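Enquirer: Note that our numbering has the sequence shown beginning at 18, numbered continuously upward. All C-beta atoms in this analysis are idealised placements derived from N, C-alpha and C, irrespective of residue type, glycine included. What you are looking at is a predicted structure, and each value in this text was computed from that prediction instead of being measured. There's a structure below that I have some questions on.
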Amino acid sequence: MSAHRTIGVLGAGEVGQAVADKAIRHGHEVLIGNSRGPETLEALVDRLGPKARAVTAEEAAKPELVFLSVPFFAVPELTRLTTWSGKIVVDTTNQFAAASPYRGRYDVGDLTGSEWVAGHLPGARVVKALNTLYAPFIAADPRHAEGRLVAFYAGDDADAKAAVGRLAGRIRIRRPGPWQSA
Ligand SMILES: NC(=O)c1ccc[n+]([C@@H]2O[C@H](COP(=O)([O-])OP(=O)(O)OC[C@H]3O[C@@H](n4cnc5c(N)ncnc54)[C@H](OP(=O)(O)O)[C@@H]3O)[C@@H](O)[C@H]2O)c1
Numbered sequence: 018m019s020a021h022r023t024i025g026v027l028g029a030g031e032v033g034q035a036v037a038d039k040a041i042r043h044g045h046e047v048l049i050g051n052s053r054g055p056e057t058l059e060a061l062v063d064r065l066g067p068k069a070r071a072v073t074a075e076e077a078a079k080p081e082l083v084f085l086s087v088p089f090f091a092v093p094e095l096t097r098l099t100t101w102s103g104k105i106v107v108d109t110t111n112q113f114a115a116a117s118p119y120r121g122r123y124d125v126g127d128l129t130g131s132e133w134v135a136g137h138l139p140g141a142r143v144v145k146a147l148n149t150l151y152a153p154f155i156a157a158d159p160r161h162a163e164g165r166l167v168a169f170y171a172g173d174d175a176d177a178k179a180a181v182g183r184l185a186g187r188i189r190i191r192r193p194g195p196w197q198s199a
């Protein structure tokens with residue numbers, strides 16, 4: 018495996034867990050963090066295995082490639098976590114105003130959701146990806162009888178987009194683990 022051996026995952030909900038699992042199964046190390054602290058993620062990292070580390074949100078934001086899998090409205094809370102400049106941020110968020118269940122549209126004026134996210138992460142190279150997929154589809158085997166799952170991604174930085182495309186392309190079958198039946 019080449020670049021981005023260690024991946025940060027901000028948000029340990031349905032999407033963060035699916036992304037972490039995929040990355041780990043492909044040989045990456047994952048630093049995963051939420052808002053409540055690493056002690057709340059012990060059971061999760063046990064299931065994910067030794068390549069997963071539960072960390073603070075600050076530590077999860079440190080790697081050069083970070084998945085953003087928090088509620089959209091929580092993004093402003095991430096600004097001060099790290100120096101975002103130059104990092105690749107894979108933005109999986111959808112523009113909902115409230116959680117549990119996600120509902121309503123968060124008003125960002127004339128901006129796109131990703132422009133608004135990028136505005137809160139100064140200098141980050143934001144690539145929008147995976148937000149169109151239901152989390153269980155991200156977690157599942159991407160290969161179907163009909164062909165492979167299609168994951169769309171978009172962004173302004175060509176190198177960042179290429180890196181995310183390579184990462185997505187490397188993701189292969191998700192073998193069932195014991196935690197799936199829990
Ligand atoms: N679920 C889906 O099918 C799906 C599909 C595509 C895209 N999305 C989008 O992906 C994002 C995540 O969705 P989800 O369903 O995984 O959400 P979720 O299950 O509600 O999990 C959200 C995670 O974000 C964490 N979080 C919240 N505020 C934070 C902060 N300030 N710093 C660090 N972590 C924080 C939460 O931690 P705590 O619990 O500790 O607060 C939690 O681990 C959302 O924007 C959603 O719209 C969801």
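Looking at the structure shown, is Arg187 part of a helix, part of a strand, or coil, going by DSSP?
Expert: For the purposes of this step, residue 187 is identified with residue 170 of the sequence shown, where counting begins at 1. Correct three-state label for Arg187: helix.
Enquirer: Just the Cα atoms here: how many angstroms apart are Thr96 and Ala37?
Expert: As a position in the sequence shown, residue 96 is number 79, starting the count at 1. As a position in the sequence shown, residue 37 is number 20, starting the count at 1. The alpha-carbon atoms of Thr96 and Ala37 are separated by roughly 22 Å.
Enquirer: Taking DSSP as the reference, what is the three-state secondary structure of Leu58?
Expert: Translated into positions along the sequence shown, residue 58 becomes position 41. Looking at Leu58 - three-state DSSP - the assignment turns out to be helix.
Enquirer: In angstroms, rounded to a whole number, what distance separates the CA positions of Ile49 and Arg165?
Expert: To locate residue 49, count along the sequence shown from 1; it is residue 32. To locate residue 165, count along the sequence shown from 1; it is residue 148. Whole-angstrom Cα-Cα distance: 27 Å.
Enquirer: Considering only heavy atoms of ligand 1, does any lie closer than 7 Å to the CB of Leu150?
Expert: Within the sequence shown, residue 150 is the residue found at index 133, counting from 1. Correct: Leu150 has its Cβ closer than 7 Å to ligand 1.
Enquirer: Is the distance from the Cβ of Arg64 to the Cβ of Glu46 below 8 Å?
Expert: What you label residue 64 is simply residue 47 of the sequence shown in a count that begins at 1. What you label residue 46 is simply residue 29 of the sequence shown in a count that begins at 1. One thing to note: Arg64 has its Cβ no nearer than 8 Å to the Cβ of Glu46.
Enquirer: For Lys145, report the span of its beta strand (DSSP E) as first-last.
Expert: Taking the first residue of the sequence shown as position 1, residue 145 is located at position 128. Residues Arg142 to Ala146.
Enquirer: Bridge partners for Gly172 per DSSP, in chain order?
Expert: Translated into the one-based positions of the sequence shown, residue 172 becomes position 155. Paired residues: Val144.
Enquirer: With respect to the beta strand (DSSP E) encompassing Arg42, which residues constitute its N-terminal and C-terminal limits?
Expert: Residue mapping note: residue 42 aligns to position 25 of the sequence shown, counting from 1. Careful: Arg42 lies outside any beta strand (DSSP E), inside the alpha helix (DSSP H) at Glu31 to Arg42.
Enquirer: In chain order, what residues of the same chain lie with their CB nearer than 6 Å to the CB of Tyr170, ignoring the 5 residues before and after it?
Expert: Residue mapping note: residue 170 aligns to position 153 of the sequence shown, counting from 1. These residues qualify, in order along the chain: Val144, Ala146 and Val181.
Enquirer: Does the Cβ of Thr99 lie closer than 7 Å to at least one heavy atom of ligand 1?
Expert: In the sequence shown, residue 99 corresponds to position 82, counting from 1. No, the beta carbon of Thr99 sits no closer than 7 Å to any heavy atom of ligand 1.
Enquirer: Measure the beta-carbon distance from Gly30 to Ser117 and round it to whole angstroms, keeping in mind my assumption that it falls under 8 Å.
Expert: Indexing the sequence shown from 1 puts residue 30 at position 13. Indexing the sequence shown from 1 puts residue 117 at position 100. Contact flag wrong, Cβ pair sits at about 11 Å.
Enquirer: Determine the DSSP secondary structure at Thr23, reduced to helix, strand or coil.
Expert: Residue 23 sits at position 6 when you count from the first residue of the sequence shown. It is a strand residue.
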